[in-house]
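Visitor: In the numbering used here, the protein residues as written are 196 to 260.
Each residue gets a CB set at the ideal place from its N, CA and C atoms; glycine is no exception.
Because the structure is a prediction, the values reported are computed rather than measured.
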């Protein structure tokens, strides 16, 4: 037996959307910060340097960021 979905008032709907967007923006910021730290790590830079070296031997160029 299914329960019919609750009908939200416009205010409740807007509050839910606002919370969802706020949480999404916070998670996006955290993810971007983690990616930035990872890309700047010595391990990542060494791997990227090795990849550029191998691709240069094949004639493929990866642009610098």
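In terms of residues, what are the limits of the alpha helix (DSSP H) holding residue 213?
Guide: Element bounds for residue 213: 205–234.
Visitor: For residue 198 and residue 219, I'd like the C-alpha separation in whole angstroms.
Guide: C-alpha separation (whole angstroms): 29 Å.
Visitor: Quick check on the DSSP output: the alpha helix (DSSP H) that includes residue 244 runs from which residue to which?
Guide: Counting along the chain, the alpha helix (DSSP H) containing residue 244 begins and ends at 237–253.
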